[in-house]
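Q: Going left to right, the sequence shown walks through residues 1 to 672 as my numbering numbers them. Quick reminder that beta carbons are idealized off the backbone N, C-alpha and C, glycines included. Just so it is clear, the structure is predicted and the values come from calculations on it, not from any experiment. Below is a structure I'd like to ask you about.
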Amino acid sequence: MSENVAAVKQIERLRDEINQHNYYYHVLDEPHIPDVEYDRLYQQLQALEQQNPDLITADSPTQRVGAAPLSSFAEVSHEIPMLSLSNAFQAQDVTAFDQRICQRLNTEQACYTAELKMDGLAVSLLYESGLLVRAATRGDGTSGEDVTANVRTISSIPLKLRGDDYPQRLEVRGEVYMSKQGFHDLNQRQTELGAKLFANPRNAAAGSLRQLDPAITASRPLSIYCYGIGIIEGAELPESHYQMLQSLRAWGLRISDETARLAGLQACLDYYQAVMRRRSQLPYEIDGVVYKLDDYAQQQEMGFISRAPRWAIAYKFPPEEELTRVENIDVQVGRTGALTPVARLEAVKVGGVIVTNATLHNQQELERKDVRIGDTVVVRRAGDVIPEVVRVILERRPEHTEPYQIPKTCPICGSAAVREENQAALRCSGGLVCPAQRIQAILHFASRKAMDIEGLGEKLVEQLVERGLVNRLPDLYRLSLEQLAAMERMGEKSAQNLIDALQKSRSTRFNRFIYALGIREVGEATALSLTNHFKSLSRLQQASEEELLEVEDVGPVVAANIAAFFRQSENVSVLQSLVDEVGIHWPEVAGSDQTDASLAGQTFVLTGTLESFSREQAKQLLLARGARVSGSVSAKTSYLVAGENAGSKYDKAEKLGVTILSEQQLLQLLAE
Ligand code: IVH
1 MSENVAAVKQ IERLRDEINQ HNYYYHVLDE PHIPDVEYDR LYQQLQALEQ QNPDLITADS
61 PTQRVGAAPL SSFAEVSHEI PMLSLSNAFQ AQDVTAFDQR ICQRLNTEQA CYTAELKMDG
121 LAVSLLYESG LLVRAATRGD GTSGEDVTAN VRTISSIPLK LRGDDYPQRL EVRGEVYMSK
181 QGFHDLNQRQ TELGAKLFAN PRNAAAGSLR QLDPAITASR PLSIYCYGIG IIEGAELPES
241 HYQMLQSLRA WGLRISDETA RLAGLQACLD YYQAVMRRRS QLPYEIDGVV YKLDDYAQQQ
301 EMGFISRAPR WAIAYKFPPE EELTRVENID VQVGRTGALT PVARLEAVKV GGVIVTNATL
361 HNQQELERKD VRIGDTVVVR RAGDVIPEVV RVILERRPEH TEPYQIPKTC PICGSAAVRE
421 ENQAALRCSG GLVCPAQRIQ AILHFASRKA MDIEGLGEKL VEQLVERGLV NRLPDLYRLS
481 LEQLAAMERM GEKSAQNLID ALQKSRSTRF NRFIYALGIR EVGEATALSL TNHFKSLSRL
541 QQASEEELLE VEDVGPVVAA NIAAFFRQSE NVSVLQSLVD EVGIHWPEVA GSDQTDASLA
601 GQTFVLTGTL ESFSREQAKQ LLLARGARVS GSVSAKTSYL VAGENAGSKY DKAEKLGVTI
661 LSEQQLLQLL AE
């Protein structure tokens with residue numbers, strides 16, 4: 001018997017501890033222990049429950065998954081209807097909203113809670129005596145579907161409320177969503193399985209929640225932000241919505257950190273602008289912001305109009321997806337000769353910007369989406385990403401269209417287009433004979449992280465190449481002031497500035513120079529590794545593929561690319577001119593004893609906003625100490641450096657048990 005009492009105690013202790021860590025992780029966004037430790041606690045609990053099956057309760061953290069698949073969802077009628085919001089599309093709509101409120105309440109200034117308008121689906125969570133007893137979708141607002149078994153699998157939704165001051169009956173409302181990263185990963189998996197792809201995170205979230213088999217929902221990366229309540233019984237209602245949200249957070253429900261309490265119209269409009277600027281960096285999709293009159297008594301005074309409250313409004317962002325027509329399909333030639341099909345579109349405003357071109361990536365993608373000239377397509381522009389064609393509206397396809405084929409020859413120089421093994425892209429085989437590749441190679445050479453030649457933009461390089469003034473890189477340095485000043489959109493002053501910039505670029509760093517050469521797949525990091533390893537151009541030039549393979553970060557493909565580059569006599573002669581005739585030089589690279597390789601072998605990922613330096617600067621500092629810096633978190637990541645507003649990378653690092661460093665800790669590490 002006493003053994004059983006001990007088991008009861010230990011099970012309770014483990015459940016409390018696990019729930020506490022869930023709260024730190026999901027609600028406060030501030031994990032206290034590494035994932036491995038969490039997993040150990042979880043496994044301990046699981047083992048104990050297996051030994052004592054009679055002690056398993058529905059609110060145990062181990063009981064999230066496990067319900068059997070349903071044949072259909074039961075209907076749930078909402079005791080208090082789930083309303084929708086009126087929309088504002090312009091600042092003046094918000095101004096009118098605020099005016100109505102101030103007038104009706106006879107006040108100078110109203111106080112609002114501003115929230116993000118999450119792009120997911122609304123759910124209702126009913127807690128009785130602190131336990132999650134039912135979850136339902138919004139449906140038509142009056143009745144929805146019972147998705148309790150599915151919602152229980154969402155780890156940011158507590159099965160049991162925290163504390164002891166929660167209402168006896170409480171209905172929480174919020175938006176279930178999928179992060180951008182989660183959506184991306186899910187579609188990747190779907191591709192591998194040959195399964196249907198989701199069009200956007202909202203569809204993916206809705207599709208995942210409305211699965212009859214909870215095991216499938218459990219495998220989908222869903223999360224929630226709560227934004228309000230429905231039923232509340234057995235507790236005093238606070239004075240304001242904002243206070244209510246704070247209470248919800250204390251009871252363990254996830255509330256967005258972006259939620260703000262604002263006084264007056266101007267603050268609301270500023271909030272909109274501030275959120276819009278960061279929209280593309282947020283780890284999830286939002287389609288606007290929501291303003292809610294904060295004071296509950298005032299809300300009541302305002303009342304409702306048809307299906308929406310008069311005390312709230314959604315101020316929508318310009319849509320990130322739009323419909324338009326494909327006027328033509330062109331092929332662009334990149335620096336390395338990759339042929340990229342591009343859709344020329346009837347101009348359309350997407351996300352506040354006029355879009356006339358969208359990438360179709362490559363032949364495979366083009367075939368998968370089967371985009372044809374004349375098609376009506378969905379274009380999408382998420383943040384500052386290049387616009388892309390998402391899908392074709394087949395119902396609107398005109399008659400007599402044909403699948404598009406990328407030409408077999410380069411559209412610029414006529415050289416054969418070839419596809420290398422295991423590569424999606426077709427490439428022009430013309431190399432620097434191809435003017436398009438020449439232009440791109442020059443632009444890359446001049447770019448900021450390469451030779452950093454300010455003022456050498458695309459339009460100018462095009463003219464210089466077209467007029468035959470620049471055929472090879474060294475020609476850049478032979479341009480005269482008069483020649484430059486004679487180009488379109490150039491004056492004496494900008495020509496002189498460019499001459500100065502060219503002069504300045506003669507003195508550079510070895511790693512920048514290597515990067516500037518544009519050897520395929522030799523990015524900044526590889527250029528730096530090559531610098532540290534070979535230290536001089538002649539040694540690098542003479543390195544065999546075998547020797548190249550000894551360099552950190554260089555695999556067989558890159559080694560082959562580098563060796564091939566230096567085998568080409570044209571490249572060797574360009575290099576010689578750049579160094580001997582033009583006089584490009586760099587400080588000698590320090591001998592191995594002086595090279596700081598204190599972080600060699602460590603892979604860093606940077607996320608969020610850093611205070612003392614930009615992410616780029618932090619990256620350079622890490623590279624200079626021999627570290628690798630990668631764009632995404634994986635099991636190979638040694639450290640994640642998390643600045644302000646770190647997003648999904650943080651979650652992923654946490655999941656994988658990657659060590660997370662604060663900016664302060666990074667500074668310490670760099671100082672060591
Ligand atoms: S409040 C009476 N707040 O937008 C107020 N809704 O058009 C009802 N939504 O069905 C909703 N983020 O799916 C509210 N911070 C937020 C929201 C939000 C997203 C969705 C929700 C709702 C729809 C209303």
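Give me the pocket residues for the ligand IVH, defined as CB within less than 5 Å of any heavy atom, sorted by chain position.
A: L83, S84, L85, E115, K117, M118, A122, E175, Y227, V290, P309
Q: Quick check on K349: buried or exposed, where buried means 16 or more other Cβ atoms within 10 Å of its Cβ?
A: Position 349 of the sequence shown holds residue 349. Its Cβ having fewer than 16 others within 10 Å, K349 is exposed.
Q: DSSP beta-bridge partners for Q332?
A: As a working mapping, residue 332 is identified with position 332 in the sequence shown. In the DSSP output, where bridge partners are listed per residue, Q332 has T340.
Q: Could you compute how far the alpha carbon of K9 sits from the alpha carbon of L265?
A: As a working note, residue 9 is residue 9 in the sequence shown. As a working note, residue 265 is residue 265 in the sequence shown. Cα to Cα, K9 sits roughly 54 Å from L265.
Q: Which two residues bound the contiguous beta strand (DSSP E) that contains R173?
A: Start at 1 with the first residue of the sequence shown, and residue 173 comes out as number 173. Element bounds for R173: 169-178.
Q: Determine the direct distance from the alpha carbon of L116 to that of Q273, and round the result to whole angstroms.
A: What you label residue 273 is simply residue 273 of the sequence shown in a count that begins at 1. What you label residue 116 is simply residue 116 of the sequence shown in a count that begins at 1. Straight-line spacing of the CA atoms in Q273 and L116 works out to 12 Å.
Q: Between which residues of its own chain and N150 is the CB-CB distance below 6 Å, once the five residues before and five after are set aside?
A: In the sequence shown, counting from the first residue as 1, residue 150 sits at position 150. Hits under 6 Å: L209, P214, T217.
Q: Please classify D593: is it buried, with 16 or more other beta-carbons within 10 angstroms of its beta-carbon, or exposed?
A: Taking the sequence shown and counting its residues from 1, the one referred to as residue 593 is at position 593. The predicted model places D593 with a pLDDT of 36, which falls under 50 and marks its position as unreliable, so this point remains unresolved.
Q: Roughly how many whole angstroms lie between the Cα atoms of R173 and A516?
A: Translated into the one-based positions of the sequence shown, residue 173 becomes position 173. Translated into the one-based positions of the sequence shown, residue 516 becomes position 516. If I take the Cα positions, the gap works out to 54 Å.
Q: Using a Cβ-Cβ cutoff of less than 6 Å, which residues in the same chain neighbour F311 once the five nearest sequence positions on both sides are dropped?
A: Your numbering for residue 311 matches position 311 in the sequence shown. With the sequence shown as reference, residue 311 is identified as Trp, and Phe is not the correct amino acid for it. So the qualifying residues of the chain are L293, Q299, M302.
Q: Alpha carbon to alpha carbon, how far is K619 from V629? Give it in angstroms, no decimals.
A: Locating residue 629 in the sequence shown gives position 629, counting from the first residue. Locating residue 619 in the sequence shown gives position 619, counting from the first residue. Rounded to the nearest angstrom, the two C-alpha atoms are 7 Å apart.
Q: Please specify which runs of the alpha helix (DSSP H), each continuous and at least 4 residues long, are wholly inside the region 617-656, giving them in chain order.
A: 648-656
Q: Are V674 and Y477 close, meaning C-beta to C-beta below 7 Å?
A: Because the chain spans 1 through 672 in this model, residue 674 falls outside it and cannot be assessed.
Q: Going by C-alpha distance, which of F304, Q51, Q44 is nearest P61?
A: Translated into the one-based positions of the sequence shown, residue 61 becomes position 61. Considering only alpha carbons, the answer is Q44.
Q: Hey, is E258's beta-carbon within less than 7 Å of any beta-carbon in chain C?
A: Annotation note: the requested chain C is absent from the structure, which comprises a single protein chain.
Q: Got a sec? Which residues, its chain only, sit under 6 Å from H26 by beta carbon, not counting five neighbours each side?
A: The residue given as residue 26 occupies position 26 in the sequence shown. Cβ neighbours of H26 beyond the five flanking positions: S156, R254.
Q: Below 6 Å CB to CB, which residues in the same chain sit around E3 once its five sequence neighbours on both sides are set aside?
A: Within the sequence shown, residue 3 is the residue found at index 3, counting from 1. No residues qualify anywhere along the chain.
Q: Less than 6 Å between C-beta atoms, sequence neighbours within five positions excluded: which residues of the same chain meet that for R520?
A: Stepping through the sequence shown from its first residue, residue 520 is reached at position 520. Here the set comprises T336, N561.
Q: With distances taken from CA atoms, which of P587, P238, Y127, D375 is nearest A297?
A: By 1-based counting over the sequence shown, the position of residue 297 is 297. Among P587, P238, Y127, D375, the Cα nearest to that of A297 belongs to P238.
Q: Kindly indicate which three-state DSSP category F89 falls into: helix, strand or coil?
A: Here the question's residue 89 lines up with position 89 in the sequence shown. The answer is coil: DSSP assigns F89 none of H, G, I, E or B.
Q: Suppose the cutoff is 6 Å on Cβ atoms and the five residues either side in sequence are ignored; what does the same chain contact list for G228 look like?
A: What you label residue 228 is simply residue 228 of the sequence shown in a count that begins at 1. So the list reads R173, once near-sequence residues are dropped.
Q: Rounded to whole angstroms, what's the CA-CA distance from I523 to E145? Just pull it up for me.
A: Locating residue 523 in the sequence shown gives position 523, counting from the first residue. Locating residue 145 in the sequence shown gives position 145, counting from the first residue. First, the amino acid is wrong: residue 523 is Gly here, not Ile. Each residue's alpha carbon lies about 51 Å from the other.
Q: Give the DSSP-derived three-state secondary structure of N52 in the structure shown.
A: Reading the sequence shown from its first residue, position 52 is the one you call residue 52. Three-state DSSP puts N52 in coil, outside helix and strand.
Q: Touching or not, the region 495-505 and the region 454-464, by the rule of three or more beta carbon pairs under 8 Å?
A: yes
Q: With 16 as the cutoff for other CB atoms within 10 Å, does L394 come out buried or exposed?
A: Residue numbering aside, residue 394 sits at position 394 when the sequence shown is read from its first letter. Exposed is the call here.
Q: Would the region 230-237 and the region 158-177 be scored as touching if the rule is three or more Cβ pairs under 8 Å?
A: yes
Q: Got a sec? Which residues, its chain only, sit under 8 Å from P53 by beta carbon, not counting five neighbours each side?
A: Position 53 of the sequence shown, counting from 1, holds the residue named residue 53. Around P53: no qualifying Cβ.
Q: Spatial neighbours of H444 within its chain, please: C-beta separation below 8 Å, excluding the five flanking residues on both sides.
A: Position 444 of the sequence shown, counted from the start, is the residue given in the question as residue 444. Result list for H444: R335, A450, A516, G518, in chain order.
Q: With three or more beta-carbon pairs closer than 8 Å as the criterion, would you say the region 463-475 touches the region 416-425?
A: no
Q: Helix or strand or just coil, what does DSSP make of D687?
A: The question about residue 687 has no answer, for the chain in this structure spans 1 to 672.
Q: Should N511 go down as buried or exposed, given a rule of 16 or more other Cβ atoms within 10 Å for buried?
A: Your numbering for residue 511 matches position 511 in the sequence shown. Result: buried.
Q: By the three-class DSSP mapping on this structure, what secondary structure does P214 have?
A: For the purposes of this step, residue 214 is taken as the residue at position 214 of the sequence shown. In this structure, P214 counts as helix in the three-state DSSP scheme.
Q: Have a look at E365 and R189 and give me their C-alpha separation to the nearest angstrom.
A: Numbered from 1 along the sequence shown, position 365 holds the residue referred to as residue 365. Numbered from 1 along the sequence shown, position 189 holds the residue referred to as residue 189. Looking at the two C-alpha atoms, the distance is approximately 17 Å.
Q: Give the straight-line distance between the Cα atoms of A527 and I514, rounded to the nearest whole angstrom.
A: Against the sequence shown, residue 527 aligns to sequence position 527. Against the sequence shown, residue 514 aligns to sequence position 514. If you take the alpha carbons of A527 and I514, they lie about 6 Å apart.
Q: Taking all protein chains shown into account, decide if G643 is buried (16 or more other Cβ within 10 angstroms of its Cβ) or exposed.
A: As a position in the sequence shown, residue 643 is number 643, starting the count at 1. Buried, since its Cβ has 16 or more Cβ neighbours within 10 Å.
Q: Give the secondary structure of F198 by DSSP, where H, G and I count as helix, E and B as strand, and everything else as coil.
A: Numbered from its first residue, the sequence shown carries residue 198 at position 198. It is coil, neither helix nor strand.
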